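Right, one structure below, let's go through it.
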Amino acid sequence: MRGRATSTARLAAAALVGASLATCAAARPAAAAARPAGSVSVLDHGAKGDGVTDDTAALRRAAATGRPLWFPTPAAYYRITGTIELRNSIYGQRRPELRMDPGVQDGGADNDTANGTVMLLVRSYQGPGMVIDSIHLNGSWNHVPLGRYDAGQPAAPQWSHGIRIMGPSRNVTVRNCWIENNGGDNIAITWYRPEAGPPRNIEIVGNKLQWPWRCNVFFNAGAGVVIQGNYCEDLLDGSAQGYPGNFQGLIQIETDYDYHTVAGVTIRDNVLNASRSWGGMGAVTLSNVHAGATGGVTVSGNRGVWSEVAPSIAWPGDAAGLVGRAGTWTASTVSGNSRDRGAAWSFAP
């Protein structure tokens, strides 16, 4: 539920599914691999990675070169106080940590244009393939919900994302990353400029996603989106604010405006670990709030622990009680998902 444009009636469903519909070609170094050829080391542009120095300006200088970025293993972590806008791929050595300064996301501006509290921003990438690989993003959100959006109360800024991929970006892959503690979504795929076109060919594969205030993966429009083989966890207890469990689905598709559509979406083979969802919305939520039909979503082979979706919004025939829905969804299927408390997950070697 997006506080700015969503009422409580819009709560329901989310999207999980896999099947490699959009494979973005790019070399994939292992987490401990050597620096990729042609890349720029962030250390060469002044980043320290000592956990004390503000590395924001140095990382922005490195990103502005337009070349792939290489993040060597730091002495502590790369401390940032604002958004790094990416223009090319980034790779990390042994999954180095980028940590937002504590308090930035807890008190940042809550809007969809400033992007001041987003960690990594992909604004309009149109190249053959951008990869965000083997990076640890820690938003430093303190896990304290400040209020309820539906009651008009202040709340942790819902736009404070770990990674935001904006339309018309395309051919972007996020893989082998650990993303946690963001006041918005850990990964948000968004489209709010109709003239720019929607995001296309986006892959979220093999990541560890934990403790967002909102969703682990959220998107409101897109084609060829794959969410596969990730670990998604949110055990937030929002009872003090009147939210008995998670505020959002772990994975959520929410079309907010009449120009929002989705197509060719796969949510597959993810391991989910969720506390009880507020309102029984479902660990995976598909919410189509505009009048037109949209669809082409497949949710299959997902395992883990979640509370059963409320019967009033349950996907018909979903024996696992995983998917909630609102509105009309065409050419979409939910099958082969199971509650499995022993579901194991690890990063790919």
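Numbering of the sequence shown is given in the numbering used here, commencing with residue 1373 and proceeding in unit increments.
The beta-carbon is built from N, C-alpha and C at its ideal position, and this holds for glycine as well.
Please read these numbers as outputs of a predicted model, since none were measured by experiment.
Test item: CB-CB of residue i and residue j under 8 Å
i	j	result
Q1633	A1568	As written in the sequence, residue 1633 is Thr, which differs from the Gln given in the question. Not in contact: T1633 and A1568 (Cβ atoms no closer than 8 Å).
L1581	Y1603	yes
S1496	P1540	yes
I1599	I1639	yes
I1452	T1428	yes
I1507	P1468	yes
A1715	R1675	yes
S1704	G1667	yes
L1644	W1701	no
V1419	A1409	Note on residue identity: the sequence assigns Ala, not Val, to residue 1419. No, Cβ-Cβ distance for A1419 and A1409 is not below 8 Å.
G1511	M1472	yes
V1412	P1440	yes
V1661	T1627	yes
Option in the options with minimal Cα separation from residue i
i	options	result
Q1477	N1660, E1575, G1534, R1565	G1534
D1641	A1430, R1542, N1709, S1541	N1709
R1713	A1692, G1699, L1694, V1677	V1677
L1694	F1719, H1662, A1715, G1654	G1654
D1557	Y1629, Q1620, P1688	Q1620
E1680	A1560, V1671, D1690	D1690
V1544	W1513, W1585, L1493, P1584	L1493
V1546	G1464, L1608, L1607, R1565	G1464
V1671	I1559, Y1629, G1423, V1656	V1656
I1561	P1688, V1589, P1721, S1707	V1589
V1637	W1550, Q1530, G1423, V1706	V1706
D1606	Y1629, A1435, E1552	E1552
C1587	E1575, V1661, W1563, I1625	I1625
Simplified DSSP state of residue i, which is helix, strand or coil
i	result
E1567	helix
L1441	strand
A1447	coil
A1486	coil
G1652	helix
T1425	coil
S1707	strand
E1461	The question names Glu, but residue 1461 in the sequence shown is Ser. In the structure shown, S1461 sits in coil (DSSP, three-state: anything other than H, G, I, E or B).
I1685	helix
V1516	coil
L1415	helix
A1435	helix
A1560	strand
A1698	strand
V1476	helix
Presumed contact (8 Å Cβ cut-off) between residue i and residue j, rounded CB distance
i	j	result
G1501	T1455	The Cβ separation is near 22 Å, so there is no contact.
G1596	N1573	4 Å
S1749	N1554	No statement about residue 1749 is possible, as the shown extent of the chain runs from 1373 to 1721 and does not include it.
Y1450	F1443	7 Å
A1682	G1696	7 Å
L1509	L1470	5 Å
Below-8 Å beta-carbon distance, residue i vs any chain C residue
i	result
V1706	Among the protein chains of the structure shown there is no chain C, as only one such chain exists.
Exercise for the section: Entirely within the region 1531-1555 and at least 3 residues each: give me those beta strand (DSSP E) ranges in chain order. Expected result: Every beta strand (DSSP E) of 3 residues or more that sits fully in the region 1531-1555 is shown, in chain order, as 1535-1538, 1542-1547, 1550-1552.
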